[in-house]
DNA sequence: CTCAGTGTTCAGTG
DNA sequence: TCACTGAACACTGA
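Numbering (our numbering), first residue to last: 45 to 321.
Dropping the structure here:
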C-alpha cells in the first residue's frame with residue numbers, strides 16, 4: 045500500500061504510542077519471506093525489554109531506535125500496516141476504515157505489547173513487506189542505498205538538475221527508482237508528471253531547466269500535501285489525477301481531457317496527453 | 001477464470 | 001556500468 049506519506053503516518057503513529065515505552069512482550073510470525081535473514085526467536089529476543097527512544101523514516105523504510113542495538117527495520121511492501129490496540133488520534137489510525145475487530149489482527153507478522161497497555165501490530169497480507177535487524181540502519185543496506193528523501197532532504201534546484209543530467213532513462217522510471225528519490229511510488233510519480241505537465245516517456249537528461257524546476261516543485265508540493273493530510277486520500281485536492289487514475293480504464297477524463305494508460309518500467313502509468321505532451 | 005495492483009529484487013540481455 | 005525487461009514473491013478483488 046504505502047508510499048512515503050503512508051509510511052510517514054505509520055511513523056507518527058508509532059512515535060505517538062511507543063516513544064518512552066518499554067517492550068514487554070513480542071510475538072513474531074514464522075515467515076521466512078518477511079523476516080530477512082533472521083529468525084522469529086532472534087527478533088523476539090532482540091526486542092523484548094527494550095525501550096523505544098525514536099522512530100525514524102527514510103523513503104518507504106521505517107525503523108525503531110531502541111536503548112540497545114540492533115534495531116528493527118521495516119518495509120511495508122504493498123499491503124503492510126501498523127495497527128494499534130487502544131485509543132489513537134483518528135487521523136493517525138492505520139487504514140481509514142478497519143472494521144476488522146480481531147486482535148492481534150489477521151496477517152500479523154509482529155505484535156508488541158508495551159508498557160502502559162499499548163499494543164502495536166505490523167500486518168502484511170500480501171507478503172511483500174520486510175523485517176530486518178540492523179546495528180546502524182542509516183549506514184547499512186538497504187537504507188544506505190536509497191536516494192534523497194523528498195520530505196527530509198530535497199536537493200537544491202542546482203543539485204536536482206545535476207542529478208537529472210546524469211541519467212538517460214525515462215523520467216517515470218527515474219522517479220520510481222528508490223536509489224534516486226526514496227519514497228516515490230506509482231501514483232505519486234504519475235501525479236508529479238501530470239501536474240508538472242511532462243510526458244512520462246521523456247528522458248531525464250533531455251529536460252529543460254524549467255521542466256526540471258517544475259518537476260522539483262511539484263514533487264515537493266505533492267508529497268507535502270499528502271503528508272499534511274496524513275495520507276488520508278479522501279482529503280487530497282479534488283483536482284488531482286489521483287482521484288481518477290483507477291477504475292474502468294475506458295472513457296476516463298479529467299477536466300474534459302482524456303486519461304490514457306501506458307506501461308513504463310513494468311508499472312501502469314496514467315497520464316493526460318493533452319496536458320503532458 | 002484471469003489479471004492487475006500505492007513494491008522490490010534478481011537474472012538476463014543489449 | 002547503465003538501462004531495460006520479465007519473472008518472482010503472494011494474495012485479493014474487480
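In this text, a Cβ means the ideal position worked out from N, Cα and C, and glycines have one as well.
All values derive from a computational prediction rather than experimental measurement.
To which residues of the same chain is residue i closer than 6 Å at the C-beta, ignoring the five residues directly before and after it?
i: residue 143; result: Any reading at residue 143 needs caution, since the residue's pLDDT is 49, under 50, leaving its predicted position unreliable; the model's value is listed next. For residue 143, where only same-chain residues beyond five positions count, there are no Cβ hits under 6 Å.
i: residue 187; result: 102, 105 and 181
i: residue 317; result: 304
i: residue 73; result: 153
i: residue 301; result: 316 and 318
i: residue 311; result: 230
Less than 8 Å separating the beta-carbons of residue i and residue j?
i: residue 167; j: residue 125; result: yes
i: residue 284; j: residue 181; result: no
i: residue 223; j: residue 173; result: no
i: residue 94; j: residue 79; result: no
i: residue 272; j: residue 136; result: no
i: residue 69; j: residue 157; result: yes
i: residue 270; j: residue 280; result: yes
i: residue 47; j: residue 232; result: yes
i: residue 253; j: residue 205; result: yes
i: residue 87; j: residue 196; result: no
i: residue 77; j: residue 171; result: yes
i: residue 313; j: residue 234; result: yes
i: residue 238; j: residue 315; result: yes
i: residue 225; j: residue 201; result: no
i: residue 85; j: residue 155; result: no
i: residue 286; j: residue 295; result: no
i: residue 213; j: residue 247; result: yes
For residue i, which residues from the same chain have a beta carbon less than 7 Å from its beta carbon, with the 5 sequence-adjacent residues on both sides left out?
i: residue 309; result: 216, 217 and 220
i: residue 50; result: 275
i: residue 209; result: 249
i: residue 189; result: 223
i: residue 90; result: 114 and 177
i: residue 236; result: 219, 259, 262, 263 and 266
i: residue 44; result: Missing from the structure shown is residue 44; the chain here goes from 45 to 321 and no further.
i: residue 151; result: 167, 168 and 169
List the DSSP bridge partners of residue i.
i: residue 66; result: 95
i: residue 47; result: Paired residue(s): none; residue 47 is not in a bridge.
i: residue 127; result: 165
i: residue 109; result: 98
i: residue 146; result: Looking at the DSSP assignment, residue 146 forms no beta bridge with any residue, so it has no partner.
i: residue 156; result: 70 and 164
i: residue 116; result: 177
Taking residue i as the reference, give the member of the options with the closest Cα.
i: residue 149; options: 252, 136 and 169; result: 169
i: residue 260; options: 158, 274, 276 and 242; result: 242
i: residue 75; options: 161, 175 and 132; result: 175
i: residue 298; options: 278, 280, 319 and 313; result: 319
i: residue 98; options: 119, 87, 88 and 62; result: 62
i: residue 251; options: 269, 270, 207 and 229; result: 207
i: residue 122; options: 88, 81, 211 and 227; result: 227
i: residue 83; options: 46, 153, 164 and 64; result: 153
i: residue 129; options: 312, 262 and 160; result: 160
i: residue 64; options: 317, 96 and 246; result: 96
i: residue 230; options: 290, 203, 211 and 246; result: 290
i: residue 59; options: 100, 67, 296 and 203; result: 100
i: residue 245; options: 305, 171 and 301; result: 305
i: residue 112; options: 92, 278, 237 and 194; result: 92
i: residue 42; options: 288, 85 and 127; result: Outside the displayed range of the chain (45 to 321) lies residue 42, so it cannot be described from this structure.
i: residue 120; options: 55, 162, 183 and 236; result: 55
i: residue 256; options: 277, 278 and 203; result: 203
i: residue 184; options: 117, 311 and 258; result: 117
i: residue 163; options: 199, 66 and 108; result: 66
Leaving out five residues before and five after residue i in sequence, what residues of the same chain have Cβ atoms less than 8 Å from its Cβ?
i: residue 141; result: Per-residue confidence for residue 141 stands at a pLDDT of 47, beneath the threshold of 50, marking its modelled position as unreliable; no derived number is given.
i: residue 321; result: 243
i: residue 81; result: 176
Does the distance between the C-beta of residue i and the nearest non-hydrogen atom of the ligand MG fall short of 7 Å?
i: residue 128; result: As far as ligands go, the structure on display features none, and thus does not contain the ligand MG.
Exercise for review: Entirely within the segment 76–103 and at least 3 residues each: give me those beta strand (DSSP E) ranges in chain order.
Suggested key: 96–102
Practice item. Write down every uninterrupted run of the beta strand (DSSP E) in the segment 158–183 whose length is 3 residues or greater and which is fully enclosed by it, in chain order. Key: 163–168 and 174–178
Exercise for review: Would you mind listing the beta strand (DSSP E) stretches within the segment 262–319 that are 3+ residues and don't spill past its ends, in chain order?
Suggested key: 304–308 and 311–315
Point to revise | Runs of alpha helix (DSSP H) lying entirely within the segment 207–266, each at least 4 residues, in chain order | key: 215–220 and 230–239
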